[in-house]
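K.L.:
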Amino acid sequence: MDRVIAAKVYIRICELGSLSAAARALNMSRPMVSRYLEQMEHWAGERLLHRSSRKLTLTPTGERVLQQTRALNEVAESITAQNQQDLPSGTLRVACSQFGARYYIVPFLSDFLSDYPDLRVELHVSSQAVNMIEERIDLAIRITNDLDPNIIARRLGECDSMLYASPAYIEKRGMPRSPVELEHHNCLQYSYFLRNIWQMVDEQGEPLNVEVGGNFSANDSVVLMDAVADGVGIAMLPVEDAKSRFERGDLVKVLEDYPPRSMGIYGIYRSRSYLPAALRLFLAALAKRLAK
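Numbers 48 to 339, taken from the working numbering, label the letters of the sequence shown in order.
#1: Rounding to the nearest angstrom, what Cα-Cα distance links Gln251 and Gly296 in this structure?
#2: Helix, strand or coil: how does DSSP classify Glu258 here?
#3: By the 10 Å Cβ neighbour count, where 16 or more other Cβ atoms means buried, how is Gln132 classified, buried or exposed?
#4: From Leu156 to Ala200, what does the alpha carbon distance come to, in whole angstroms?
#5: Taking the runs of the beta strand (DSSP E) that are 3 residues or longer, which of them lie wholly in the stretch 184-258?
#6: Can you name the start and end residues of the alpha helix (DSSP H) that Lys300 belongs to?
#7: DSSP puts Cys143 in a beta bridge; with which residues?
#8: Going by other Cβ atoms of all chains shown within 10 Å of its Cβ, with 16 needed for buried, is Ile389 buried or exposed?
#9: With DSSP as the reference, please indicate the residues paired to Ile315 in a beta bridge.
#10: Taking the beta strand (DSSP E) that Pro154 falls in, what are its first and last residues?
#11: Could you compute how far the alpha carbon of Leu210 sits from the alpha carbon of Ile198?
#12: From which residue to which residue does the beta strand (DSSP E) around Pro78 run?
#13: Could you pull the DSSP bridge partners for Pro285 from this structure?
#14: Return the residue from the list Ser99, Ser136, Glu88 and Arg98 that minimises the CA-CA distance to Leu113.
#15: May I have the straight-line CA-CA distance separating Ala324 from Arg149, to the nearest angstrom?
#16: For Pro307, which three-state DSSP category applies?
#17: Among the candidates Gly109, Gln236 and Ser208, whose CA atom is the shortest distance from the CA of Ser264?
#18: Note down, in chain order, each residue of its chain lying with its Cβ closer than 7 Å to the Cβ of Met48, except the 5 sequence neighbours on either side.
#19: At which residues does the alpha helix (DSSP H) containing Leu63 begin and terminate?
#20: Between Asp158 and the ligand ADP, is the CB less than 8 Å from at least one heavy atom?
#21: Which residue from Pro107, Leu328 and Pro214 puts its Cα closest to that of Gly92?
#22: Name the DSSP beta bridge partners of Ser264, please?
#23: Between the beta-carbon of Glu228 and the beta-carbon of Gly260, is there less than 9 Å?
#24: How close, in whole Å, do the beta carbons of Arg308 and Val248 come, if the pair is a contact with beta carbons under 8 Å?
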């Protein structure tokens, strides 16, 4: 049982003179208050209270333990108050891809760092998976539909993608009318996703895995988009990333009735049992932004 809670219960029993009064004050059941008292006596190794039909009186050990529990309670309350007052400080190390940095992290940093001026964010931009322990990374942002179940992670949002090609490529090779026709096209791959398989959705909203092939792959979505715009082939690109080039006419959408499955945006961290205040606040702020 929690010794701090037990200490609070014991103090209230002594102050109010009965277990029933302490139970009412603490909004607990009387049996629960009784169990906390029994546990306090077990820890002390002696009886703490003399019980009579009319009142409770403290034993000599009970008097000493009351002083100790009051001191413990003061420390616990001061720690809680200090944590509530103090703003997080120090350095928060975050790892993500170039796309994640540009569209997820950087856009909300100004407001976040204004709210927590003593906090410093160090952004590690890479498309490769990082060793969080060796590189002292506090948080890694990953976009995937195939997250290892053993990884400690929080789902923060979704990333929508679409198939794109350049007008020149479509003029030369033709517009595919169904996912089956993709086998006749040069389909460019993002290196860290499932190779040669595009996870799509059919016209009824059911999952559809499409086998594709192509002569170019890259580990960065911006590089992949450049290749698509230059007419190399068709690629699956994040809608947010391709938006400006699509609006300029550099890219056209392919198979709009068969969109790729949305992928989860995950925040990955090292420990489930201990989440520093800076990391907890950063995750909450990022999740709020991605929900918009």
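Even for Gly, the Cβ is constructed at its ideal location relative to N, Cα and C.
P.N.:
Taking the coordinates as given:
#1: Locating residue 251 in the sequence shown gives position 204, counting from the first residue. Locating residue 296 in the sequence shown gives position 249, counting from the first residue. Using only the alpha carbons, I get a separation of about 29 Å.
#2: Translated into the one-based positions of the sequence shown, residue 258 becomes position 211. Strand.
#3: To locate residue 132, count along the sequence shown from 1; it is residue 85. Caution applies to Gln132, whose pLDDT of 49 falls short of 50 and renders its modelled position unreliable; the value that the coordinates give is listed next. Classification for Gln132: exposed.
#4: Counted from its first residue, the sequence shown places residue 156 at position 109. Counted from its first residue, the sequence shown places residue 200 at position 153. If I take the Cα positions, the gap works out to 21 Å.
#5: 186-191, 200-206, 208-212, 234-237, 244-248 and 254-258
#6: The residue labelled residue 300 in the question sits at position 253 within the sequence shown. Not the alpha helix (DSSP H): Lys300 falls in the beta strand (DSSP E), residues Val299 to Val301.
#7: Looking up residue 143 in the sequence shown gives position 96. Answer is Val172, bridged to Cys143.
#8: The requested residue 389 does not occur in the structure, where the chain is confined to residues 48 to 339.
#9: In the sequence shown, the residue the question calls residue 315 occupies position 268. Per DSSP, Ala187 and Ala200.
#10: Numbered from 1 along the sequence shown, position 107 holds the residue referred to as residue 154. From DSSP, Pro154 is part of no beta strand (DSSP E) but of the alpha helix (DSSP H) over Val153 to Asp162.
#11: Here residue 210 corresponds to residue number 163 of the sequence shown, with the count starting at 1. Here residue 198 corresponds to residue number 151 of the sequence shown, with the count starting at 1. Near 30 Å, if we compare the C-alpha coordinates of Ile198 and Leu210.
#12: As a working mapping, residue 78 is identified with position 31 in the sequence shown. No beta strand (DSSP E) holds Pro78; the alpha helix (DSSP H) holding it covers Arg77 to Ala91.
#13: As a position in the sequence shown, residue 285 is number 238, starting the count at 1. According to DSSP, which records beta bridges pairwise, Pro285 is partnered with Ser208.
#14: Looking up residue 113 in the sequence shown gives position 66. Selected option, being the one with the closest Cα: Glu88.
#15: The residue given as residue 324 occupies position 277 in the sequence shown. The residue given as residue 149 occupies position 102 in the sequence shown. Distance between the alpha carbons of Ala324 and Arg149: 24 Å.
#16: In the sequence shown, residue 307 corresponds to position 260, counting from 1. Reduced to three states, the DSSP call for Pro307 is strand.
#17: Counting from 1 along the sequence shown, the entry for residue 264 is found at position 217. Checking every option, the nearest Cα to that of Ser264 belongs to Gln236.
#18: Reading the sequence shown from its first residue, position 1 is the one you call residue 48. Because Met48 carries a pLDDT of 46, less than 50, the predicted location of this residue cannot be relied on, and no value is offered for it.
#19: Here residue 63 is taken as the residue at index 16 of the sequence shown, counted from 1. Counting along the chain, the alpha helix (DSSP H) containing Leu63 begins and ends at Arg50 to Leu63.
#20: Of the ligands one can find in the structure shown there are none, so the ligand ADP has no counterpart to examine.
#21: Residue mapping note: residue 92 aligns to position 45 of the sequence shown, counting from 1. Gly92 has its Cα closest to that of Pro107, out of Pro107, Leu328 and Pro214.
#22: One-based indexing of the sequence shown puts residue 264 at position 217. Paired residues: Gln236.
#23: On the sequence shown, position 181 is the one that residue 228 refers to. On the sequence shown, position 213 is the one that residue 260 refers to. Cβ atoms of Glu228 and Gly260: not closer than 9 Å.
#24: Residue mapping note: residue 308 aligns to position 261 of the sequence shown, counting from 1. Residue mapping note: residue 248 aligns to position 201 of the sequence shown, counting from 1. About 6 Å; that satisfies the 8 Å criterion.
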